[in-house]
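S.K.: Structure provided below as structure tokens; questions to follow.
Printed below as a string of structure tokens:
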């Protein structure tokens, strides 16, 4: 074989190898492009699908005082955007079974700890305020009785200014004293009460609360304890200020002379 033929054969062999390498590279590039396309499609699909979480929802409407049981709720899979940090999680439900509803709750509503009262738990102050009424806090200095005054007692409220004392309100019901919202509150003790502030929460209407607020700036206030069965009301004297006597004119003085 001549050197020319050998040289041509070598070039053909190199050409075949180059074409094979090019084919392999094209195949690898195609596979990489296909894989990248699949990854983008899957990523877009996952982004379009919402992330779900398990949520406890009431299976029926609940009335105040109704007990929370396993039949009271159902587990729904909802988008994570609907999740609320304070709602009861399915894994925490056991400790709330047996609790009673504080208010009316609609079907499908999430279950929150604040909606349920556990056995032995004292009611919150807002639960004790009757409809149309207000709770007004008198600071501890107005309560010389300290822990001797209990939730449910009746008191009168006196006010003392620089000259005299007056009767401000009569027969006002005590809602809470020093954080205790009932007389037998297991979370409150006499020892703890002595160390803490003995502020008094009173059951008043809006007009009475305005009168109490205005009175705070006029002088010291003090509560006095009433008998539970005493419903008599003392007559309140609203003394009108005496009109100032006008000074006599000069000509009137000269006329008298």
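Residue numbers (this note's numbering): 9 to 265.
Cβ coordinates follow ideal geometry from the N, Cα and C atoms, glycine included.
1) State yes or no: is the C-beta of residue 76 within less than 9 Å of the C-beta of residue 119?
2) Which class does residue 173 belong to by DSSP, given the choice of helix, strand or coil?
3) When the distance is taken between beta carbons, is residue 96 closer than 9 Å to residue 64?
4) Specify the secondary structure class of residue 145 as computed by DSSP and reduced to three states.
5) Quick check: the segment 157 to 176 against the segment 211 to 231, are at least 3 beta-carbon pairs closer than 8 Å?
6) At what residue ranges does the segment 63 to 123 contain a whole run of the beta strand (DSSP E), taking only runs of 3 or more?
7) Considering only the beta carbon of each residue, do residue 71 and residue 144 sit closer than 9 Å?
8) Just how far apart, CA to CA, sit residue 101 and residue 93?
9) Under three-state DSSP, which class holds residue 154?
10) Tell me, which residues are paired with residue 38 by DSSP?
11) Using the beta-carbon count (16 or more within 10 Å), is residue 151 buried or exposed?
12) Taking residue 167 as the reference, which of 135, 51, 45 and 220 has the closest Cα?
13) Span of the alpha helix (DSSP H) holding residue 218?
14) Do residue 66 and residue 85 come within 9 Å of each other at the CB atom, strictly closer than that value?
15) If you compare alpha carbons, which of 80, 242, 111 and 52 is closest to residue 163?
16) Counting only the same chain and skipping the five closest in sequence on each side, list residues whose C-beta sits under 6 Å from that of residue 108.
17) Based on Cα-Cα distance, which residue from 39, 179, 62 and 30 lies nearest to residue 237?
18) Taking all protein chains shown into account, do 16 or more other C-beta atoms lie within 10 angstroms of the C-beta of residue 4, making it buried, or fewer, making it exposed?
19) For residue 37, does the count of other Cβ atoms within 10 angstroms reach 16, so buried, or fall short, so exposed?
20) Using the beta-carbon count (16 or more within 10 Å), is residue 24 buried or exposed?
21) Quickly, what does DSSP pair residue 230 with across the bridge? List them, please.
22) Indicate the three-state DSSP secondary structure (helix, strand or coil) for residue 60 in the structure shown.
M.R.: A quick look at the data gives this:
1) yes
2) strand
3) yes
4) strand
5) yes
6) 81 to 87
7) no
8) 15 Å
9) helix
10) Answer is none; residue 38 lacks a bridge partner.
11) buried
12) 220
13) 214 to 224
14) no
15) 242
16) 73, 75 and 125
17) 179
18) The shown model of the chain, from 9 to 265, leaves out residue 4, and the question about it has no answer.
19) exposed
20) exposed
21) 166
22) strand
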